[in-house]
Every structure is written in C-alpha cells, then in structure tokens.
Amino acid sequence: MKDKVKYILEAPIKSLHKIIDKDCDITGLIIEEEADKKILKRLLPNIKRPVMLRCTGDDAKDKVLLPQFIELLDRESIIAYANENTYKIILPFVIKGNHKLVIRTPIDINLAKEMNILASDLGLAMDKIIIDTDIGGLGYGFEYGYSIMEKIKLEGINDKYLNMPLISFAAEETAKTKEARDEKLGIFLEIASASAVKAAGADYIVLTKPEAVKTMREFE
Numbered sequence: 000m001k002d003k004v005k006y007i008l009e010a011p012i013k014s015l016h017k018i019i020d021k022d023c024d025i026t027g028l029i030i031e032e033e034a035d036k037k038i039l040k041r042l043l044p045n046i047k048r049p050v051m052l053r054c055t056g057d058d059a060k061d062k063v064l065l066p067q068f069i070e071l072l073d074r075e076s077i078i079a080y081a082n083e084n085t086y087k088i089i090l091p092f093v094i095k096g097n098h099k100l101v102i103r104t105p106i107d108i109n110l111a112k113e114m115n116i117l118a119s120d121l122g123l124a125m126d127k128i129i130i131d132t133d134i135g136g137l138g139y140g141f142e143y144g145y146s147i148m149e150k151i152k153l154e155g156i157n158d159k160y161l162n163m164p165l166i167s168f169a170a171e172e173t174a175k176t177k178e179a180r181d182e183k184l185g186i187f188l189e190i191a192s193a194s195a196v197k198a199a200g201a202d203y204i205v206l207t208k209p210e211a212v213k214t215m216r217e218f219e
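Take the sequence shown: its letter number 122 is residue 121 in numbering that gives the first Met the number 0, and every next letter is one higher.
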C-alpha cells in the first residue's frame, strides 16, 4: 500500500504564528535573511512537528545562508533546496546533520537523474534525496510537468537513481497568479494544484493555506 502523501504547511519564519498550530505533517519555514537565525533559535523548541527549512531561491544568498541555518537545527529535517549551482556547498552540511535534501532541477527526467547521481557520488545517501522537478505549471503548461512526475515514478521502479520521493511546491505556482490575490480563490487554486500533483505521484505537497491542507485530508 502506498504511503499517504505528507502535507507541508509553509510560511516565512516571521509569519510562523499563522500556521504553527494548524494541521499538517511537516512545518515549513522560509528563511529570508541572516537575522532570521534568532527567530529560528527561539521558535524551534516550540515546533513539535518535523521541519522543512527553505531558503530564498537566490543561489548566491542560499550558498551563504542555508549552511548557517542548517547548523541550528535540533532534529532531522528536510532542507529545500539544492540545485546544480548550490549543491556542492550545501550538501556537506546536510550530510553532517543527517538531513534529507530536496534537489531541484528543471522539468527534465535526465537532469533529475544526473543531479541524484552527483549528490550520491559526494556521499549523500539515496534515501536522503527528495526530487523536485520544479513543475513550472504556468510556464510550460501543467500537463508537461505532470507527465514528467509520472515518468519519474515509472522509471524509478527499475532505476535506483530515480527511485526517490517526489515533492511538489504546488502553491508556489498558484501564488504567482493575479487570481490568487483573492483569498477564497487562492485556496481553491491551491487545492486544484495539490490534487493534480497528488494524482501525478507527489509524496510531499507544500501548501501555504491551512484550509487547503484540511480539504486535501478529506480527499484521502
């Protein structure tokens, strides 16, 4: 029986109060600047769930900030994310802390496999890798992103370098739409995106709205 999807409820660490007591499997913390270290140190003891730590998405900043924040963690966590430009810097800290690492590549199964091989060659255990295909639903068309996720799942049956969990930052794309400025419509958009990536095989789904997590739970 396939394990249930794990829902990650994510917010900037400065806004953690909005989600800290809400239902989810993993609490996602977005860090934005070095000053957030003080907040992380203060809040970590109060977070009872597993943690995912995500940085800015700016490669130059992430190379500097992520290692600093990883060393503050008091439990095995998910680190999001490394890519071809940052993995050599971030990976040693992930290994040292026994964390799991999200590896993000553009929508391409061969690039995903290549990055998994490179990370493995540098010492990261394959059961510590989570694949992020960066679905780019608005740019490429959601069907393309969906098909890549499906293909990775199928290829992973016989390929150890693709036999890893998939994570989808479903809310990341919907938040870019002008329709998402409307709070109620934004919730519906998150639910629609989460439903699609769940059908495609996502093992972790990252959302920002507690109502979306609640609704997705009801579908199980």
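Where a beta carbon is used, it is the ideal one built from N, C-alpha and C, also for glycine.
Remember, predicted model here, so these are calculated numbers, not experimental data.
Local conformation of K159 per DSSP, three classes: coil
The beta strand (DSSP E) that contains T26, what's its start and end? 25–29
If you measure between the beta carbons of T85 and D61, is that distance less than 7 Å? yes
Can you tell me the Cβ-Cβ gap for G200 and M125, rounded? I've got them flagged as a contact below 8 Å. Wrong, their Cβ atoms sit about 18 Å apart, outside the cutoff.
Tell me the DSSP secondary structure of E70 in three-state form. coil
Bridge-paired residues (DSSP) for A249: With the chain covering 0 to 219 only, the question about residue 249 has no answer from this structure.
Can you tell me where the alpha helix (DSSP H) holding A198 begins and where it ends? 182–199
Tell me, please, whether the region 107–119 touches the region 152–162 by the rule of three or more beta-carbon pairs shorter than 8 Å. yes
Can you find the residues in the same chain that come closer than 6 Å, C-beta to C-beta, to Q67, ignoring five residues on each side of it along the sequence? none
Closer than 6 Å: is that where the CB of E182 sits relative to any heavy atom of the ligand MN? No copy of the ligand MN occurs in the structure displayed, which carries no ligand at all.
Using only alpha-carbon positions, find the residue among K21, L28, I129, F168 that is nearest to P11. L28
Backbone CA spacing between D58 and I186 [nearest angstrom]: 29 Å
Give the secondary structure of E32 by DSSP, where H, G and I count as helix, E and B as strand, and everything else as coil. coil
Return the CA-CA distance between L153 and K197, expressed in angstroms with no decimal places. 15 Å
Per-residue burial, I190 [other beta carbons within 10 Å of its own, 16 or more giving buried]: buried
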